[in-house]
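Using the working numbering, the letters of the sequence shown map in sequence onto residues 83 to 360. Written below as structure tokens is the structure these notes are about.
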Amino acid sequence: MRPDGMLLPDIDPVAFSIGPLVIRWYALAYIAGLLIGWAYMRRLAATPRLWGAVRPPSPQDLDDLLVFAALGVVVGGRLGFVLFYKPGFYFSNPLEILQTWKGGMSFHGGLFGAWLAVVLFARRRGLEPFAMADLAATVAPLGLLFGRLANFIKGELWGRPADVPWAVVFPDAGPELRHPSQLYEAGLEGLVLLIVLGVLARRLGYTRPGLIAGVFGMGYAVFRFMVEFFREPDRYLGFLAGGWLTMGMTLSIPMFLAGLWLAARALRRPALTTEVAV
């Protein structure tokens, strides 16, 4: 029997199976975020009024960018986890770094890896790097939304013990009622950022390269810092200081400053709203 005010995440992790092939909700969530984000990106790239004097990416550019960005996320996320969360272990066991199937990814590292991949790809294709970063930032909250929902379904990255009506018992976290912090992140880092950045893109377009990417960086950093007060600290590190400071908070500070720099840089420069005569 479920007590009042208690939500049990008893969702079957398997969405469906075809013979020996098992398809899990966790994988479907990430695939959905990737495909919907890709379709949204193509739609934005095909809207001329958003680009002004900036050359938009072609459909082929976007298809290729998807591969580069995915590699950036995986490599950056893994290296971020190695450097920020368990450096001693991995430096002593370097072959473990390649064993990604055992888990261990850092979102902040993945974001930096994706950003670097987008910028390098744009330069290689002769596209405006910061405008491409803006385009990627516009759709990135979709991945966050579906990814955090996947975390909730899988019952990982749970919140701290809580006494609220919507508290959750996670099977792998003991009998305590806990904050569903994954849903807080899905709502703030996913849905709210998606709406805010979508409005910015529709109203300002990509004529101030770096502005939307900067707003994304600041917005994510603020929301992540807030949610860290409700999220269980990483088991590898615990609290870093004062019984409240976590690694997620610490990494969000330089992310906010980088976003602030990007946005300020974009606003100091004239908007690229008209075609340049040749």
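Virtual Cβ for every residue (Gly too), placed ideally from N, Cα, C.
Check your understanding: Counting pairs of Cβ atoms below 8 Å between the segment 334-341 and the segment 198-206, do you hit three or more?
Key -> no
Check your understanding: Ordered along the chain, which non-local residues of its own chain (more than five positions away) have a Cβ less than 6 Å from that of Gly296?
Key -> Position 214 of the sequence shown, counting from 1, holds the residue named residue 296. The residues are Gly341, Leu344 and Ala345.
Check your understanding: If you draw a straight line from the alpha carbon of Ile105 to that of Leu227, how long is it in whole angstroms?
Key -> Locating residue 105 in the sequence shown gives position 23, where the first residue counts as 1. Locating residue 227 in the sequence shown gives position 145, where the first residue counts as 1. The alpha-carbon atoms of Ile105 and Leu227 are separated by roughly 20 Å.
Exercise for review: Consult DSSP for Gly241 and reduce its assignment to one of helix, strand or coil.
Suggested key: The sequence position of residue 241 within the sequence shown is 159, counting from 1. Strand, per DSSP.
Check your understanding: Nearest CA to the CA of Leu349: which residue from Val309, Ala97, Thr289 and Phe312?
Key -> For the purposes of this step, residue 349 is taken as the residue at position 267 of the sequence shown. The residue with the shortest Cα to Cα distance from Leu349 is Thr289.
Practice item. Could I get the ranges of all uninterrupted alpha helix (DSSP H) runs contained in the segment 237-285, with 4 residues as the minimum, in chain order? Key: 263-267
Practice item. Flag this pair as yes or no: are the beta carbons of Met214 and Pro130 separated by less than 8 Å? Key: Looking up residue 214 in the sequence shown gives position 132. Looking up residue 130 in the sequence shown gives position 48. No. Outside cutoff.
Point to revise | Phe194, buried or exposed, once every other Cβ within 10 Å from all chains shown has been counted against 16 | key: If you number the sequence shown from 1, residue 194 lands on position 112. The residue in question, Phe194, is buried, as its Cβ has 16 or more Cβ neighbours within 10 Å.
Point to revise | Where Asp86 falls: helix, strand or coil (DSSP) | key: Counted from its first residue, the sequence shown places residue 86 at position 4. Note that Asp86 scores 48 on pLDDT, short of 50, meaning its location in the model is unreliable; the coordinates nonetheless yield the value given after this. Coil, per DSSP.
**Study point:** Assigned exposure category for Ser188 - 16 Cβ within 10 Å defines buried
**Key:** As a working note, residue 188 is residue 106 in the sequence shown. With 16 or more other Cβ atoms within 10 Å, it is buried.
Review point. When burial is assigned at 16 or more other CB atoms within 10 Å of the CB, is Val251 buried or exposed?
Key: Residue 251 sits at position 169 when you count from the first residue of the sequence shown. Counting Cβ neighbours within 10 Å, Val251 comes out buried, since at least 16 surround it.
Exercise for review: Kindly indicate which residue of Pro211, Pro223 and Leu239 has the alpha-carbon position closest to the one of Gly330.
Suggested key: Residue 330 sits at position 248 when you count from the first residue of the sequence shown. Of the listed residues, the one whose Cα sits closest to Gly330 is Leu239.
Review point. Do the segment 133-147 and the segment 161-177 meet, that is, are 3 or more Cβ pairs less than 8 Å apart?
Key: no
Practice item. Confirm, please, whether the CB-CB distance from Val200 to Ala218 is below 8 Å. Key: Numbered from its first residue, the sequence shown carries residue 218 at position 136. Numbered from its first residue, the sequence shown carries residue 200 at position 118. Cβ atoms of Ala218 and Val200: closer than 8 Å.
Point to revise | Anticipated Cβ contact below 8 Å, Gly306 with Ser334, distance rounded | key: As a working mapping, residue 306 is identified with position 224 in the sequence shown. As a working mapping, residue 334 is identified with position 252 in the sequence shown. Correcting the residue type first, residue 306 is Arg in the shown sequence and not Gly. The Cβ separation is near 5 Å, so the contact holds.
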